[in-house]
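Enquirer: In this note's numbering, the protein residues as written are 29 to 319.
Ideal Cβ placement from N, Cα and C applies to all residues, glycine included.
For reference, the structure I am asking about is given below.
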Amino acid sequence: MTSTPARPASPTNDLTLAEKRTRLDEIVRGYGSLIVAYSGGVDSAFLAAAASEILGEKTIAITAHSPSLSEDELTDAVKLADAHGWNHRVIITDEINDPRYAANDLQRCFFCKTELYTHLIEIARSEGWNQVANGTNADDLGDFRPGLEAAKDFTVCSPLVEAGMTKADIRALSRDMELPVWDKPAQACLASRIPYGTMVTVEALTQIAKAERGLRQAGFKQLRVRHHGDVARIEVPVEDLASLIDDETRRTIVKTTRDAGYLYVTMDLSGFRSGSMNEAIGKDPTSNLGL
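In structure tokens:
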């Protein structure tokens, strides 16, 4: 594996969408060969698609299979890669057996990404891939993301950031490429549904995945099932709250959530908030209420 030094920072805010895409092409072409850490979400899917266009067989998308990724998400990721003919591979990661990850402190994501990047860097070195890239975008840089520190430790690059691409840019370009995930709601690993300080277990992750599948089957697209022991705290967008308590839907959700292993099924009146578990680490829990 060839370590690619970080490129000098340059202004990208004033670039047009086409200019950002040209910039991305130049960055990726410069790698020569590339492993893309591909989860099936819009960011990594777009990067995998773009890299495949630019580098052809000199790029490979690699998906990590572990209990923190639902089987539904894995299936969708594989189907998308197959449909577009990407060079793709699924590997097994074992972060769940790392006590530091399972302890679920504020650095959980760091230990998860460390496990992932350890595998990807080893593949790059043993097979001769020049670089490993993730799907981090420019909007991610302002969030609480310990996983970004792991990327620095392993010299994993973020070409979407270097090209100045925001989430909106990536969705627009993905739509132009006719990627079906262009409007897919942002996803996070299942462990993000568990409060910090509560152990991450296979059983809890399985419960969460089953409960969220029930919500999707009921027609909800943007959702989270937050795991509080016997209590499932369901988050959907505020505009979908009325649908959630429609009597027939409510009965269905109660059944599927209890079948997943929860005793109590609750609805969060604040609605869906990405990263709402972070409210417990100093953020004002009323900040999303418009008060």
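Report the CB separation of Ile281 from Leu272 in whole angstroms; it is logged as a contact under 8 Å.
Expert: Right, the Cβ-Cβ distance comes to about 7 Å (below 8 Å), so this counts as a contact.
Enquirer: Out of Ser67, Arg49, Pro95, which one is the CA nearest neighbour of Ala10?
Expert: No answer is possible for residue 10: the residues shown for the chain start at 29 and end at 319.
Enquirer: Buried or exposed: where does Ile120 fall if 16 or more other Cβ atoms within 10 Å of its Cβ makes it buried?
Expert: Its Cβ having fewer than 16 others within 10 Å, Ile120 is exposed.
Enquirer: Could you give the distance in angstroms between the alpha-carbon of Ser80 and the alpha-carbon of Ile88?
Expert: Going from the Cα of Ser80 to the Cα of Ile88 covers about 8 Å.
Enquirer: When you compare the CB positions of Gly289 and Gln245, do they come within less than 8 Å of one another, or not?
Expert: Contact: no.
Enquirer: Using only alpha-carbon positions, find the residue among Gly69, Cys217, Thr146 that is nearest to Asn165.
Expert: Out of Gly69, Cys217, Thr146, Gly69 has the C-alpha closest to the C-alpha of Asn165.
Enquirer: Near Asn158, which residues of its chain fall below 6 Å by C-beta distance, leaving aside the five closest residues on each side in sequence?
Expert: Here the set comprises Thr30, Tyr59, Gly60, Ser61.
Enquirer: So is Pro223 buried or exposed if we call it buried at 16+ other beta carbons inside 10 Å?
Expert: Counting Cβ neighbours within 10 Å, Pro223 comes out exposed, since fewer than 16 surround it.
Enquirer: Which of helix, strand or coil does DSSP assign to Gln159?
Expert: Three-state result, Gln159: strand.
Enquirer: Can you have a look at Ala179 and say buried or exposed, based on whether 16 or more other CB atoms are within 10 angstroms of its CB?
Expert: Counting Cβ neighbours within 10 Å, Ala179 comes out buried, since at least 16 surround it.
Enquirer: Since Ala260 sits in a beta bridge, which residues does DSSP pair it with?
Expert: Looking at the DSSP assignment, Ala260 forms a beta bridge with His255, Val293.
Enquirer: Considering Cα atoms alone, identify which of Arg173, Ala73, Gln135, Ala214 is closest to Val161.
Expert: Correcting the residue identity first, residue 161 is Ala in this sequence and not Val. When each option's Cα is compared against that of Ala161, the closest is Ala73.
Enquirer: Just verifying my parser: in three-state terms, what is the DSSP assignment at Thr87?
Expert: Three-state result, Thr87: strand.
Enquirer: Going by C-alpha to C-alpha distance, which of Gln250, Gly113, Ser186, Leu176 sits closest to Arg136?
Expert: Here the closest residue by C-alpha is Leu176.
Enquirer: Are the CB atoms of Ala232 and Thr285 nearer to each other than 8 Å?
Expert: No. Outside cutoff.
Enquirer: Could you tell me whether the stretch 41–53 touches the stretch 186–200, using the rule of 3 or more Cβ pairs below 8 Å?
Expert: Counting Cβ pairs under 8 Å, three or more are found: they touch.
Enquirer: Give a yes or no on whether the C-beta atoms belonging to Ala260 and Thr294 are separated by under 8 Å.
Expert: It is a contact, given that the beta carbons lie within the stated cut-off.
Enquirer: Would you kindly report the start and end of the unbroken beta strand (DSSP E) that includes Arg117?
Expert: Looking at the DSSP string, the run of the beta strand (DSSP E) that includes Arg117 is 116–120.
Enquirer: For Arg57, tell me which candidate among Asp42, Ser67, Leu45, Ala76 has the shortest Cα-Cα distance.
Expert: Residue Ala76 is the option with its Cα nearest to Arg57.
Enquirer: With a 10 Å radius around its C-beta and 16 neighbouring C-beta atoms as the bar for buried, classify Gly170 as buried or exposed.
Expert: With fewer than 16 Cβ atoms within 10 Å of its Cβ, Gly170 is classed as exposed.
Enquirer: Any idea what DSSP makes of Ala65, helix, strand or coil?
Expert: Reduced to three states, the DSSP call for Ala65 is strand.
Enquirer: Return helix, strand or coil for Cys185, following the three-state DSSP convention.
Expert: Strand, per DSSP.
Enquirer: Tell me, please, which residues DSSP counts as bridged to His147.
Expert: For His147, which the question treats as bridged, DSSP gives no partner whatsoever.
Enquirer: Taking Gly242 as the reference, give the member of Thr277, Asp197, Val118 with the closest Cα.
Expert: Taking only the C-alpha atoms, the option nearest Gly242 is Thr277.
Enquirer: In terms of residue numbering, what span does the alpha helix (DSSP H) encompassing Pro127 cover?
Expert: Residues 127–130.
Enquirer: Quick one: is Asp104 near chain C, going by C-beta distance under 8 Å?
Expert: Given the protein chain composition of this structure (a single chain), no chain C is represented.
Enquirer: If the criterion is Cβ atoms closer than 8 Å, does the pair Val264 and Gln250 meet it?
Expert: For Val264 and Gln250, yes; Cβs fall inside 8 Å.
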